[in-house]
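Chemist: Those letters in the sequence shown? Residues 546 to 730, by the working numbering. Note that the Cβ used here is the ideal one computed from N, Cα and C, for glycine as well. Just so you know, these numbers come straight off a predicted model, no measurement behind them.
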Amino acid sequence: MPTPETRSLRFAGAGDVRLTTAVEQPLAPHEVRLRPLAVGVCGTDAHIVGGSFPAEPGVVLGHEVCGRVVDVGAEVGDGVGPTAPRVGDLVTVEPHRYCTACTWCRAGQEHLCSAKRGYGVRLDGGMAESMVVPARIAYVLPPDTVPWVAPCASRWRAACTRWTGSPWSPGSRCSCWVPARPGRF
Ligand SMILES: [Zn+2]
Ligand SMILES: [Zn+2]
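1) On the three-state DSSP scale, how would you describe GLU550?
2) Of all the options PRO630, GLY560 and GLU639, which has the alpha carbon lying nearest to the alpha carbon of GLY596?
3) Roughly how many angstroms separate the alpha carbons of LEU582 and VAL614, rounded to a whole number?
4) Following a CB-centred definition, is THR551 positioned closer than 6 Å to any heavy atom of ligand 1?
5) Look up CYS611 in the DSSP assignment and say whether it is helix, strand or coil.
6) For ARG580, which three-state DSSP category applies?
7) Taking ARG580 as the reference, give the member of PRO630, SER675 and PRO688 with the closest Cα.
8) What does the alpha-carbon distance come out to for the pair GLY622 and ILE682?
9) With ARG733 as the anchor, note down where its alpha helix (DSSP H) starts and where it stops.
10) Helix, strand or coil, according to DSSP, for VAL666 in the structure here?
11) Sorted by chain position, which residues of the same chain lie with C-beta nearer than 6 Å to CYS644's C-beta, five sequence neighbours on each side aside?
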């Protein structure tokens with residue numbers, strides 16, 4: 546069976562964004578494949594396209610993503626990730642990938658990981674018909690979540706990774722102050 550092709554919106558250089566077609570990327574055992582349903586257009590995206598925020602040429606844009614899981618790697622569903630996403634689940638995605646093995650990652654301070662890379666900036670993001678991420682950064686949402694609301698949760702997760710030493714638990718209240726323009730949907 547031929548490998549499916551998917552369309553993606555790629556950053557090709559300052560002021561240059563292109564709709565491209567590529568062969569669907571294979572899944573590693575710990576990864577999941579999403580069909581993105583809603584993606585925030587953030588101030589960061591505007592700065593990337595405008596040339597004032599560095600990004601990898603050719604990268605697929607989009608770091609605030611809600612999508613449905615359409616495929617899982619061989620090891621997913623076997624306790625991988627905080628919620629072990631399964632095919633059919635609605636998920637939002639932590640907008641960074643980090644190594645999980647360095648001193649900072651093991652201390653729960655992944656935001657300090659020197660191997661941290663951002664989706665839609667250094668890694669292919671969600672403005673595409675297909676997105677592949679490690680299962681451990683795909684967070685399962687309630688099935689009745691409105692997809693265009695969920696990208697807000699990825700911003701919330703990003704803020705939480707910068708809140709060190711927080712003694713919170715389910716039901717805790719918090720306030721997030723974001724010193725940037727919020728995503729546009
Ligand atoms: Zn953003
Ligand atoms: Zn690390």
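Modeler: Taking the structure as given:
1) Numbered from its first residue, the sequence shown carries residue 550 at position 5. Strand, per DSSP.
2) In the sequence shown, residue 596 corresponds to position 51, counting from 1. Per the Cα distances, GLY560.
3) As a working mapping, residue 582 is identified with position 37 in the sequence shown. As a working mapping, residue 614 is identified with position 69 in the sequence shown. For LEU582 and VAL614, the distance between alpha carbons rounds to 11 Å.
4) Walking along the sequence shown from the start, residue 551 turns up at place 6. Flag unset: Cβ of THR551 not near ligand 1.
5) Indexing the sequence shown from 1 puts residue 611 at position 66. Three-state DSSP puts CYS611 in a strand.
6) To locate residue 580, count along the sequence shown from 1; it is residue 35. Here ARG580 sits in strand by DSSP.
7) Along the sequence shown, read from residue 1 onward, the residue named residue 580 stands at position 35. Minimum Cα distance to ARG580 is reached at SER675.
8) For this step, residue 622 is matched to residue 77 along the sequence shown. For this step, residue 682 is matched to residue 137 along the sequence shown. Taking the straight line from one Cα to the other gives about 14 Å.
9) Residue 733 is absent from the structure shown; the chain starts at 546 and stops at 730.
10) Taking the sequence shown and counting its residues from 1, the one referred to as residue 666 is at position 121. Coil at VAL666, not helix or strand.
11) For the purposes of this step, residue 644 is identified with residue 99 of the sequence shown, where counting begins at 1. Here the set comprises CYS650, CYS658 and ALA660.
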